[in-house]
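Take any residue in the sequence shown, note its place counting from 1, add 17, and you have its number in my numbering. Quick notes on the structure that follows.
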Amino acid sequence: KSLLGRHAPQALALSTTALTGVTLYEPNELVLSARAGTRLSDIEALLDQHGQQLAFEPMDYGQLLSADAAGATIGGVISVNASGPRRIKAGAARDHLLGFRCVTGRGELVKSGGRVMKNVTGYDVSKLVCGSYGTLALLTELTLKVLPKPETERTLLAIGADEAESLALLRRATATPCEPSSL
18 KSLLGRHAPQ ALALSTTALT GVTLYEPNEL VLSARAGTRL SDIEALLDQH GQQLAFEPMD
78 YGQLLSADAA GATIGGVISV NASGPRRIKA GAARDHLLGF RCVTGRGELV KSGGRVMKNV
138 TGYDVSKLVC GSYGTLALLT ELTLKVLPKP ETERTLLAIG ADEAESLALL RRATATPCEP
198 SSL
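This is how it looks when you write it as structure tokens:
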């Protein structure tokens, strides 16, 4: 995601492209662990086979930034907290990160979190590294909460409406018995 933000050229670069693969997937427990360089498209395909999804609807910035259209990795998604329009209902990427492994700038291996959501005292370091653009640590493995896909879904587009009409449509949509996941 180096094309996002203010790029500062460096003599050396770290890459997670060799860190690929799903290391744990328990569909019944709604938990998935994968190495940071695993392509998002591979994870979504695996989840789709079991009727599950990453509920925060991660966005692949590839086409937008004239990069590899299917090149988004799970490490990149978490590093920039990439969340789609469903964020208002499902939460951001950071809300689905259960745990991670990383390497600090001092070369220390660190593990934080685990495979379950639970109330514990102390710092929630997962919330700190998610969205830090890799400035705090190089993520090497991530554990995420996954959720079942909805049984049905529809996308509605309103084209040609002015601002007042658009706002009226949004109010009507939220007042229906249906459950909008993004607006």
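Where is the CB? At the ideal position from N, CA and C, for every residue including glycine.
Determine, using beta carbons only, whether residue i and residue j come nearer to each other than 9 angstroms.
{"i": "VAL163", "j": "LEU57", "result": "no"}
{"i": "ALA51", "j": "LEU159", "result": "yes"}
{"i": "SER149", "j": "PHE117", "result": "no"}
{"i": "LEU156", "j": "CYS119", "result": "yes"}
By DSSP, does residue i sit in helix, in strand, or in coil?
{"i": "GLU61", "result": "helix"}
{"i": "VAL94", "result": "helix"}
{"i": "ARG111", "result": "helix"}
{"i": "ALA35", "result": "coil"}
{"i": "ARG103", "result": "coil"}
{"i": "ALA192", "result": "coil"}
{"i": "GLN66", "result": "helix"}
{"i": "PHE73", "result": "coil"}
{"i": "GLU46", "result": "coil"}
{"i": "GLY116", "result": "strand"}
{"i": "THR40", "result": "strand"}
What does the alpha-carbon distance come out to for the pair residue i and residue j?
{"i": "SER199", "j": "SER183", "result": "14 angstroms"}
{"i": "ASP41", "j": "THR172", "result": "In the sequence as displayed, the identity of residue 41 is Leu instead of Asp. Straight-line Cα distance between these residues: approximately 32 angstroms."}
{"i": "ALA190", "j": "HIS67", "result": "30 angstroms"}
{"i": "ASN45", "j": "GLN27", "result": "44 angstroms"}
{"i": "LEU145", "j": "GLY151", "result": "11 angstroms"}
{"i": "VAL39", "j": "GLY124", "result": "24 angstroms"}
{"i": "ILE176", "j": "GLU170", "result": "20 angstroms"}
{"i": "PRO282", "j": "GLU180", "result": "Lying outside 18 to 200, the shown extent of the chain, residue 282 is not represented and no answer is given."}
{"i": "LEU187", "j": "PRO197", "result": "10 angstroms"}
{"i": "ASP59", "j": "ALA185", "result": "39 angstroms"}
Taking 8 angstroms as the limit between beta carbons, can you name the residues of its chain near residue i, skipping five residues before and five after?
{"i": "PHE73", "result": "SER100, GLY101, ARG103, ARG104, ALA107, GLY108, ALA109, ALA110, ASP112 and HIS113"}
{"i": "GLY88", "result": "ARG56, ASP77 and GLY79"}
{"i": "GLU61", "result": "GLN70 and LEU71"}
{"i": "ASP65", "result": "LYS166"}
So, at 6 angstroms on beta carbons, what are the nonlocal neighbours of residue i in its own chain, with the 5 sequence-adjacent residues on each side left out?
{"i": "ALA53", "result": "THR33, LEU36, GLY92, LEU156 and THR157"}
{"i": "ALA178", "result": "none"}
{"i": "GLU168", "result": "none"}
Within a Cβ cutoff of 7 angstroms, which residues of the same chain sit near residue i, ignoring the five residues on either side of it in sequence?
{"i": "LYS166", "result": "GLY68, GLN69 and GLN70"}
{"i": "ILE95", "result": "ALA110, LEU114, CYS147, LEU156 and LEU159"}
{"i": "ARG132", "result": "VAL48, LEU115, GLY116 and THR160"}
{"i": "THR121", "result": "VAL127 and ALA154"}
{"i": "THR90", "result": "THR33, ALA53, GLY54, THR55, ARG56 and LEU57"}
{"i": "LEU81", "result": "none"}
{"i": "ASN98", "result": "ALA109, ALA110, ARG111, CYS147 and GLY148"}
Does any residue of chain B have a CB that is nearer than 9 angstroms to the CB of residue i?
{"i": "ASP59", "result": "The structure shown contains no chain B; it holds only a single protein chain."}
Worksheet item: Which runs of the alpha helix (DSSP H) spanning at least 4 residues fall entirely within the stretch 120–186, listed in chain order?
Response: Segments of the alpha helix (DSSP H) lying fully in the stretch 120–186: 142–146.
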